[in-house]
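Residue numbers (the working numbering): 331 to 414.
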């Protein structure tokens with residue numbers, strides 16, 4: 331379960347697994363907005379205050395407080411040809 335004010339893990343997974351070519355413009359904009367808001371929330375919340383599940387979710391999605399490495403999700407998408 332994700333922490334308050336954070337995008338749910340199921341929503342993140344759904345957005346990541348759907349190929350960009352199948353998304354509408356509205357979905358692209360929504361994904362970008364939600365991703366930016368979730369990243370900002372991740373950066374604003376100290377790791378010491380995050381739940382274990384939120385820390386794990388952030389590590390998977392690349393939101394580990396200013397991570398510069400590609401997320402596990404991005405690596406998987408790139409490996410199967412669904413990346414940008």
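Glycine residues also receive a C-beta, built at the ideal position from the N, C-alpha and C atoms. Since this is a predicted model, take the numbers as computed values, not measurements.
How close, in whole Å, do the beta carbons of residue 386 and residue 336 come, if the pair is a contact with beta carbons under 8 Å? Not really, about 13 Å apart at Cβ, beyond 8 Å.
Thinking C-alpha only, which one of 361, 341 and 389 is nearest residue 350? 361
Extent of the continuous alpha helix (DSSP H) to which residue 361 belongs: 355-374
Can you check which of these residues, 358, 367, 369 and 347, is closest to residue 408 by C-alpha distance? 347
I need the straight-line Cα distance from residue 354 to residue 334, nearest angstrom please. Note on geometry: alpha-carbon atoms of residue 354 and residue 334 lie some 28 Å from one another.
Status (buried if at least 16 other CB within 10 Å, exposed otherwise) for residue 345: By the neighbour-count rule (16 or more Cβ atoms within 10 Å), residue 345 is buried.
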